[in-house]
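Reading through the structure tokens given below for one structure.
In this note's numbering, the protein residues as written are 5 to 289.
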């Protein structure tokens with residue numbers, strides 16, 4: 005029986021990246037639908053849960069994607085509300101690659117030692133990856149702050165993280181590189197999750213920081229988010245700091261994404277969100 009993955013996307017066009025990884029993860033066919041909302045999802049979910057016998061439902065699964073994490077979360081919840089005993093399929097949330105990217109980054113950071121009590125700053129951390137990574141760092145025991153160019157955005161992101169994960173994150177307004185350099189003065193860990201092609205710190209702004217131990221940068225588009233690093237860095241030592249580049253931990257991100265897809269087809273009751281995706285990432289790291 006064919007393994008069918010239904011890619012339910014909140015954007016107009018389902019992600020090509022997610023489609024490719026779905027096939028690499030073991031799906032036989034990937035069927036994408038875009039512009040989905042909690043209001044128009046029920047009939048599509050019905051099609052996934054009513055068409056196969058109980059023993060065969062493990063061969064149907066749902067992947068929720070799109071660029072908007074909040075929209076993805078709402079859709080993810082709406083899908084699960086359509087399920088009832090005996091009629092459900094496995095489902096995964098990874099809007100904008102946020103869960104798998106954040107999990108891979110934090111898992112690699114964690115390989116360098118315990119994060120308990122460490123000061124961590126997520127630069128430009130109000131986006132999907134930044135918010136998820138901040139939550140994961142906090143769950144590992146770090147004292148976490150996120151920066152944004154506007155304090156309102158930072159506060160909103162911290163509130164969203166508190167609601168979803170129950171952890172406290174400190175908001176910091178940092179309108180430019182100089183402000184971000186000040187924000188990391190006491191940081192032991194810095195993770196950059198800004199938009200592609202925007203440098204958040206220059207080499208000079210971090211290389212002589214005596215407190216800084218680990219840097220990770222999720223940006224692989226030049227210029228990189230952290231100047232003086234390399235996207236291929238895999239725990240490389242630069243200026244006395246351990247560096248993880250976007251491709252350096254991206255290998256784990258892709259392997260993790262594929263592994264999650266494969267697990268969706270193990271039975272029909274898998275629910276993959278940040279917590280269990282991160283737990284799997286730590287096993288794989």
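Quick reminder that beta carbons are idealized off the backbone N, C-alpha and C, glycines included.
Range of the contiguous alpha helix (DSSP H) that encloses residue i
i	result
residue 247	Looking at the DSSP string, residue 247 is not in any alpha helix (DSSP H); the run it does join, the beta strand (DSSP E), is 245-248.
residue 134	132-143
residue 284	278-288
residue 165	155-169
residue 46	46-53
residue 174	Where residue 174 is concerned, there is no enclosing alpha helix (DSSP H), although the beta strand (DSSP E) it sits in stretches over 174-177.
residue 102	102-114
residue 184	181-187
Residue i burial status per 10 Å Cβ neighbour count (16 or more: buried)
i	result
residue 92	buried
residue 244	exposed
residue 167	exposed
residue 16	exposed
residue 149	buried
residue 55	exposed
residue 32	exposed
residue 227	exposed
residue 22	buried
residue 161	buried
residue 102	buried
residue 90	exposed
From the options, residue whose alpha carbon lies closest to that of residue i
i	options	result
residue 218	110, 101, 54 and 97	110
residue 187	209, 103 and 169	209
residue 263	27, 19 and 156	27
residue 163	129, 230 and 85	129
residue 181	207, 6 and 102	207
residue 274	197, 64 and 24	64
residue 20	237, 8, 193 and 69	69
residue 270	60, 104 and 86	60
residue 171	185, 146 and 193	146
residue 118	193, 45 and 184	193
residue 265	44, 52 and 24	24
residue 250	45, 84, 106 and 279	106
residue 53	259, 85 and 235	85
residue 177	76, 73 and 155	155
residue 44	281, 235, 18 and 14	14
residue 255	22, 236, 74 and 58	236
residue 183	88, 153, 268 and 228	153
residue 179	189, 161, 157 and 73	157
residue 195	230, 161 and 87	230
residue 66	227, 280, 267 and 74	267
residue 282	89, 22 and 136	136
residue 88	50, 76 and 258	50
Close-in-space but distant-in-sequence residues of the same chain around residue i (CB under 6 Å, 5 per side omitted)
i	result
residue 100	71 and 132
residue 169	139
residue 277	97
residue 261	25 and 104
Range covered by the beta strand (DSSP E) that runs through residue i
i	result
residue 73	Residue 73 -> not in any beta strand (DSSP E); alpha helix (DSSP H) instead, spanning 73-85.
residue 29	Where residue 29 is concerned, there is no enclosing beta strand (DSSP E), given that its DSSP letter is neither H nor E.
residue 217	Where residue 217 is concerned, there is no enclosing beta strand (DSSP E), given that its DSSP letter is neither H nor E.
residue 206	Per DSSP, residue 206 belongs to no beta strand (DSSP E) and is neither H nor E.
Cβ-based neighbour list, residue i, same chain, cut-off 8 Å, excluding 5 preceding and 5 following
i	result
residue 159	175
residue 48	10, 12, 37 and 40
residue 114	144, 286 and 289
residue 246	116, 217, 218, 219, 239 and 240
residue 35	8, 9, 10 and 11
residue 189	213 and 215
7 Å Cβ shell around residue i - same chain, five flanking residues per side excluded
i	result
residue 253	108, 109, 112 and 220
residue 191	123, 124, 125, 215 and 216
residue 138	126, 129, 148, 150, 165 and 173
residue 5	60 and 63
residue 134	126, 128, 150 and 197
residue 232	207, 211 and 242
residue 46	86
Taking contact to mean at least 3 C-beta pairs separated by less than 8 Å, is the stretch 78-93 in contact with the stretch 131-149? no
* Asked: Does the stretch 94-108 come within contact of the stretch 229-244, defined as at least 3 CB pairs closer than 8 Å?
  -> no
**Prompt:** Counting Cβ pairs, one atom from each stretch, are 3 or more of them under 8 Å apart for the stretch 184-202 and the stretch 210-230?
**Reply:** yes
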